[in-house]
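Novice: Residue numbers (our numbering), protein chains in the order written: chain F, 1 to 212; chain S, 1 to 203; chain W, 1 to 227; chain P, 1 to 50.
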Amino acid sequence: MTYFADVAALARKDILLELRSRDTLPAMLLFVVSALVVFHFSLPSEASATASTGLLWIALLFTALLGLGRAFTAEREQRVLDGLVLAPCDRSAIWLAKCLGVLVFLGVAEAVALPAYGLFFEPVGWELVAAILLANLGLAAVGTLLAAMAAASRARELLLPLLFLPLVIPVVVGGVGATVVDDPGRYLGFLALYDLIFAILSWASFEYVVVE
Amino acid sequence: MGSETGRVTVISARGLGRRFGSKRVLRDLDLEVRSGEVLLVTGPNGSGKSTLLALMAGLLAPTEGELEVDLPRGRIGYLAHESLVYKELTALENLDLYGRLYHVPERRETIGALLERFGLWDARHQRVGSFSRGMQQRLALCRVLLHGPELLLLDEPHSSLDADASSLVDVLLSELAGQTTMAVATHDPNRVQRLATQSLVLA
Amino acid sequence: MSLSNNRAVLLAAAASMLLVAGLALALFWAPEDADQGFSQRIFYIHVPIALTAYACFGWGAWKALRLLWTRESRYDLESYTAVHMGLIFGILTLVTGSIWAKISWGVWWTWSERQLTLFLVLFLFYCAYFMLRFSVEPGPRRANLSAVYALFGVALIPVSFLAIRLAENFIHPVVFTRDGPQMSGSMFVVFCVCLAAMLALFASLYTNELTGKRLDARLRELREALE
Amino acid sequence: MTTSEKYVTAAYLVVLAVILLYVVLYTFKLSRLEREVAELTELAQRRKAA
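1. Please tell me whether W/Arg-218 has its Cβ less than 8 Å away from any Cβ of chain P.
2. To which residues of the same chain is W/Leu-92 closer than 6 Å at the C-beta, ignoring the five residues directly before and after it?
3. Could you give the DSSP three-state label for S/Gln-179: helix, strand or coil?
4. So that I know if they touch, is there some Cβ in chain P lying closer than 8 Å to that of W/Lys-63?
5. Could you spell out where the alpha helix (DSSP H) holding W/Thr-81 opens and where it closes?
6. Excluding five sequence neighbours on each side, which residues of the same chain lie with their C-beta closer than 7 Å to the C-beta of F/Thr-24?
7. So which of F/Leu-55, F/Ala-192, F/Val-168 and F/Pro-44 has the shortest CA-CA distance to F/Val-32?
8. Considering only C-alpha positions, which residue in the set F/Glu-157, F/Trp-203 and F/Leu-133 is nearest to F/Val-176?
9. Excluding the 5 residues preceding and the 5 following W/Met-1 in the sequence, name in chain order all residues of the same chain whose CB lies nearer than 6 Å to its CB.
10. Please identify, using Cβ separations under 8 Å, the residues of the region 94-110 of chain W that lie next to chain P, in order along the chain.
11. Quick check: the Cα distance between F/Ala-199 and F/Ala-109, rounded to an integer number of angstroms?
12. Quick check on the DSSP output: the alpha helix (DSSP H) that includes F/Arg-156 runs from which residue to which?
13. So is W/Phe-119 in contact with chain F if we call contact Cβ pairs under 8 Å?
14. Identify the contact partners of S/Pro-157 in chain F, using a Cβ-Cβ distance below 8 Å as the criterion.
15. At a CB distance below 8 Å, what residues from the region 78-105 of chain S approach chain F? Give them in sequence order.
16. By the three-class DSSP mapping on this structure, what secondary structure does S/Gly-2 have?
17. Note down, in chain order, every chain S residue with its Cβ under 9 Å from the Cβ of W/Gly-139.
18. Could you check whether the Cβ of W/Ala-14 sits closer than 8 Å to any Cβ belonging to chain P?
19. Would you mind giving the Cβ-Cβ distance between F/Val-172 and F/Leu-61, rounded to the nearest angstrom? I have them listed as a contact below 8 Å.
20. At a CB-CB cut-off below 9 Å, which residues of chain W make contact with F/Phe-72?
21. Could you tell me the alpha carbon to alpha carbon distance between F/Leu-103 and F/Ala-140, rounded to whole angstroms?
22. Using a 10 Å radius around the Cβ and a threshold of 16 neighbouring Cβ atoms, would you call F/Asp-183 buried or exposed?
23. By the criterion of Cβ-Cβ separation under 7 Å, what are the contact partners of W/Glu-224 in chain S?
24. From F/Asp-82 to W/Ser-73, what distance separates their C-alpha atoms?
25. Give the range of the alpha helix (DSSP H) segment to which W/Leu-40 is assigned.
26. Leaving out five residues on either side along the sequence, give the residues of the same chain with a beta carbon under 8 Å from the beta carbon of W/Gly-153.
27. Given a cut-off of 8 Å, decide if F/Pro-170 and W/Val-159 are closer than it, judged by their beta-carbon atoms.
28. Could you check how far apart the C-beta atoms of W/Ala-143 and W/Leu-18 are, in whole angstroms? I think they sit under 8 Å.
29. Less than 8 Å between C-beta atoms, sequence neighbours within five positions excluded: which residues of the same chain meet that for W/Ile-42?
30. Out of F/Val-180, F/Gly-174, F/Ser-45 and F/Asp-6, which one is the CA nearest neighbour of F/Leu-188?
31. For S/Ile-76, which residues in chain F fall below 8 Å Cβ to Cβ?
32. From the DSSP output, read off the bridge partner residues of W/Gln-115.
33. Closer than 7 Å between beta carbons: that is the criterion. Which residues of the region 127-141 of chain S meet it against chain F?
34. Work out the CA separation of W/Phe-89 and W/Leu-156 for me, nearest whole Å.
35. Taking C-alpha atoms, which residue in S/Leu-153, S/Ser-50, S/Leu-154 and S/His-158 lies nearest to S/Met-135?
36. I'd like to check one pair, S/Arg-14 with S/Gly-48: are the Cβ atoms closer than 8 Å?
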């Protein structure tokens with residue numbers, strides 16, 4: 001299957017780029033921990049226990065946003081995206097490879113954030129981990145497409161959060177719900193539904209974002 | 001200089017036009033390039049040379065008229081002003097990536113030969129960010145020729161090349177003329193004039 | 001242009017007639033609601049506008065799909081105009097909705113009214129649509145980006161409606177429940193007239209604005225040809 | 001008029017106001033278009049004369 005070979009080649013390049021420049025991942029790690037610390041100070045003592053869950057999800061959302069803002073910078077410098085678009089591979093392979101890259105970065109950031117959260121706030125339950133894994137798929141799928149859109153516009157850093165936040169409200173609802181409610185099944189199912197719909201939509205429409 | 005009529009048409013444009021917002025760059029262009037022909041595109045800065053080549057490459061869509069390029073994407077080589085390679089990666093890593101994406105058979109050997117030919121073999125493990133403008137242009141030429149394209153779109157191939165690199169390009173062009181269809185946009189046409197089978201001057 | 005001209009006039013006439021009929025029926029003829037009394041009459045304007053807003057966003061997404069499918073640039077203008085109308089109707093929904101919340105529960109905003117919350121999300125989303133459009137140069141690239149984003153919008157409507165319903169039982173225990181208004185036969189007739197009126201209004205304003213935008217484009221071409 | 005009746009009429013008035021505002025904005029657009037057409041016809045005549 002050449003499609004997955006192309007995706008592998010592109011994903012390998014993304015990992016190589018990050019190892020070479022080493023700027024996005026450390027920034028995401030530092031950001032998520034400092035966000036949690038700031039949130040600690042923002043919580044009044046009598047705040048409900050579940051309040052910290054909401055803050056964790058906000059921290060993850062903006063960590064994802066930070067990573068996504070960097071997603072296509074390397075491609076934009078020497079108009080490399082045009083080079084990739086001209087290659088005979090399916091353009092959605094570019095999206096899928098970048099998505100995997102974002103997922104890896106998010107995963108590593110969360111691997112640091114969750115123990116920190118357990119330390120600072122609440123013990124981490126299995127439903128929180130399940131919700132985060134499902135939410136990552138949605139955030140990466142939609143975020144990568146929107147990052148490519150923002151890359152094609154003038155006000156990139158301003159535009160990405162505006163495009164991203166309304167679209168990921170359902171992810172926050174599903175995530176927080178799954179963590180707080182005692183029967184998380186419905187919320188995890190909803191997150192899976194969101195991932196399915198928006199991953200397919202992003203996969204199918206990426207071509208039109210990078211080509212005229 | 002005439003081209004045999006038997007050859008198939010590679011590029012055909014009818015009433016081709018392109019506008020960027022309110023600025024019109026190309027207006028009502030008709031064009032026909034058969035396989036093996038060399039089209040020379042000249043004109044002052046901002047006359048739309050680069051836009052025409054980007055349209056042919058499929059990176060831009062016409063806003064008026066039609067443009068047909070009768071070749072699959074994998075058979076076209078496009079040399080732009082920018083090098084289209086990652087500055088953080090080395091020359092070898094960049095070419096390896098493109099080699100995989102274009103499914104080039106015996107990738108390693110082809111890359112080695114091209115780097116050798118363009119005098120980049122010793123710099124193959126250096127980050128492209130540390131390359132001089134001339135070296136980046138030569139690397140871009142390697143990227144364009146890597147998959148042996150049937151159509152070459154060269155936007156200012158001689159730009160920022162020193163004397164011997166420029167003559168290298170001339171030798172290359174004369175080798176390929178006749179088999180590979182080419183569209184060359186340039187400021188000093190006399191380097192390419194004798195090879196050109198068709199000339200287009202953009203106002 | 002003459003054909004669409006007549007169509008535009010017909011649409012405008014139909015819209016104005018239906019609007020007058022709808023308002024008259026809603027304010028004077030419609031039977032008094034048992035418990036809500038006169039304030040229930042706001043229902044005849046708030047819900048039709050909300051449904052018309054959905055219709056606008058759906059129409060914009062349909063035109064966006066046509067653009068991505070056939071690559072004809074005229075669909076970009078149509079999709080843009082439809083979304084623009086959708087935003088106007090969306091804002092009206094939010095305004096009339098908050099007035100209704102004020103009447104029924106004395107508060108200008110309540111998160112427990114699902115449709116209101118959904119329109120707030122859609123309002124944010126479609127404002128971002130215009131931010132996207134204004135930060136990309138006019139041309140095929142902008143048409144594609146806007147079309148893809150419009151498609152996401154229409155996918156977002158059912159998903160976020162479901163999310164808001166799910167959010168209810170852990171963010172806000174639903175304090176004010178108001179199950180769907182029970183509509184007697186005559187109320188339903190009034191509702192249908194008002195809905196038809198709003199849809200006709202959308203169609204009429206849509207065609208006019210589209211004509212205006214096409215005139216702009218044609219004048220630009222004329223100006224270019226003359227210079 | 002009870003307060004709720006005032007609010008209901010307010011809602012209807014708001015809708016009416018927005019529609020009228022839209023029509024007013026549209027008249028500005030029409031006058032701008034008219035000015036542009038006039039400019040262009042004059043440009044065309046000058047071109048024809050030259």
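All residues carry an ideal CB built from backbone N, CA and C; glycine is no exception.
Treat the numbers as computed from the prediction; the structure is a model and nothing was measured.
Specialist: According to the structure shown:
1. Here residue 218 of chain W is taken as the residue at index 218 of the third sequence, counted from 1. Chain P, which has no Cβ nearer than 8 Å to the Cβ of W/Arg-218, makes this no.
2. Within the third sequence, the letter at position 92 stands for residue 92 of chain W. If we look at W/Leu-92 and ignore the five residues flanking it on each side, its Cβ neighbours are Ile-49.
3. Stepping through the second sequence from its first residue, residue 179 of chain S is reached at position 179. In the structure shown, S/Gln-179 sits in coil (DSSP, three-state: anything other than H, G, I, E or B).
4. Locating residue 63 of chain W in the third sequence gives position 63, counting from the first residue. Not closer than 8 Å to any Cβ of chain P, the Cβ of W/Lys-63 fails to qualify, so no.
5. Residue numbering aside, residue 81 of chain W sits at position 81 when the third sequence is read from its first letter. 74-105 is the extent of the alpha helix (DSSP H) around W/Thr-81.
6. The residue you call residue 24 of chain F lines up with position 24 of the first sequence. Glu-18, Gly-67, Arg-70 and Phe-105, listed in sequence order.
7. The residue labelled residue 32 of chain F in the question sits at position 32 within the first sequence. Considering only alpha carbons, the answer is F/Leu-55.
8. Taking the first sequence and counting its residues from 1, the one referred to as residue 176 of chain F is at position 176. Among F/Glu-157, F/Trp-203 and F/Leu-133, the Cα nearest to that of F/Val-176 is on F/Leu-133.
9. One-based indexing of the third sequence puts residue 1 of chain W at position 1. With a pLDDT of only 45 at W/Met-1, under the threshold of 50, the placement of this residue in the model should not be trusted; the figure read from the coordinates follows. Nothing listed; no residue qualifies.
10. Val-95, Thr-96, Ile-99, Trp-100, Lys-102 and Ile-103
11. Translated into positions along the first sequence, residue 199 of chain F becomes position 199. Translated into positions along the first sequence, residue 109 of chain F becomes position 109. Near 22 Å, if we compare the C-alpha coordinates of F/Ala-109 and F/Ala-199.
12. Reading the first sequence from its first residue, position 156 is the one you call residue 156 of chain F. Unbroken alpha helix (DSSP H) run through F/Arg-156: 156-180.
13. Stepping through the third sequence from its first residue, residue 119 of chain W is reached at position 119. Cβ-Cβ to chain F under 8 Å: no for W/Phe-119.
14. Position 157 of the second sequence, counting from 1, holds the residue named residue 157 of chain S. In chain order: nothing, as chain F lies at least about 17 Å away.
15. Tyr-78, Ala-80, Glu-82, Ser-83, Leu-84, Val-85, Tyr-86, Lys-87, Glu-88, Leu-89, Glu-93, Leu-97, Tyr-98, Arg-100, Leu-101, Tyr-102 and His-103
16. Translated into positions along the second sequence, residue 2 of chain S becomes position 2. Because the pLDDT of S/Gly-2 is 47, which lies under 50, any placement of that residue in the model is unreliable, and the number read from its coordinates should be weighed accordingly. It is coil, neither helix nor strand.
17. Translated into positions along the third sequence, residue 139 of chain W becomes position 139. Chain S residues near W/Gly-139: Arg-18, Arg-19, Phe-20, Gly-21, Leu-60, Ala-61 and Thr-63.
18. For the purposes of this step, residue 14 of chain W is identified with residue 14 of the third sequence, where counting begins at 1. Chain P contact via Cβ: absent.
19. Indexing the first sequence from 1 puts residue 172 of chain F at position 172. Indexing the first sequence from 1 puts residue 61 of chain F at position 61. Confirmed, about 7 Å.
20. The residue given as residue 72 of chain F occupies position 72 in the first sequence. Residues of chain W passing the Cβ test: none, with the nearest at roughly 14 Å.
21. Taking the first residue of the first sequence as 1, we reach residue 103 of chain F at position 103. Taking the first residue of the first sequence as 1, we reach residue 140 of chain F at position 140. For F/Leu-103 and F/Ala-140, the distance between alpha carbons rounds to 6 Å.
22. Indexing the first sequence from 1 puts residue 183 of chain F at position 183. Counting Cβ neighbours within 10 Å, F/Asp-183 comes out exposed, since fewer than 16 surround it.
23. For the purposes of this step, residue 224 of chain W is taken as the residue at position 224 of the third sequence. Result: Arg-24.
24. What you label residue 82 of chain F is simply residue 82 of the first sequence in a count that begins at 1. What you label residue 73 of chain W is simply residue 73 of the third sequence in a count that begins at 1. Answer to the nearest angstrom: the Cα atoms are 22 Å apart.
25. Here residue 40 of chain W corresponds to residue number 40 of the third sequence, with the count starting at 1. Before going further, note that residue 40 of chain W is Gln rather than Leu in the sequence given. Careful: W/Gln-40 lies outside any alpha helix (DSSP H) and carries neither H nor E.
26. Here residue 153 of chain W is taken as the residue at index 153 of the third sequence, counted from 1. Same-chain partners within the cutoff: Phe-57, Gly-60, Ala-61, Val-83, Leu-122, Phe-125, Tyr-126 and Tyr-129.
27. Within the third sequence, the letter at position 159 stands for residue 159 of chain W. Within the first sequence, the letter at position 170 stands for residue 170 of chain F. It is a contact, given that the beta carbons lie within the stated cut-off.
28. Position 143 of the third sequence holds residue 143 of chain W. Position 18 of the third sequence holds residue 18 of chain W. With a Cβ gap of about 33 Å, W/Ala-143 and W/Leu-18 do not count as contacting.
29. Locating residue 42 of chain W in the third sequence gives position 42, counting from the first residue. Around W/Ile-42: Thr-96, Ile-99, Trp-100 and Ile-103.
30. On the first sequence, residue 188 of chain F is found 188 positions in, with the first residue counted as 1. The residue with the shortest Cα to Cα distance from F/Leu-188 is F/Gly-174.
31. Here residue 76 of chain S refers to the residue found at position 76 of the second sequence. What S/Ile-76 touches in chain F: Leu-86.
32. On the third sequence, residue 115 of chain W is found 115 positions in, with the first residue counted as 1. Looking at the DSSP assignment, W/Gln-115 forms no beta bridge with any residue, so it has no partner.
33. none
34. Mapped onto the third sequence, residue 156 of chain W falls at position 156. Mapped onto the third sequence, residue 89 of chain W falls at position 89. Those two C-alpha atoms are separated by around 18 Å.
35. By one-based count along the second sequence, residue 135 of chain S stands at place 135. Considering only alpha carbons, the answer is S/His-158.
36. By one-based count along the second sequence, residue 48 of chain S stands at place 48. By one-based count along the second sequence, residue 14 of chain S stands at place 14. No. Outside cutoff.
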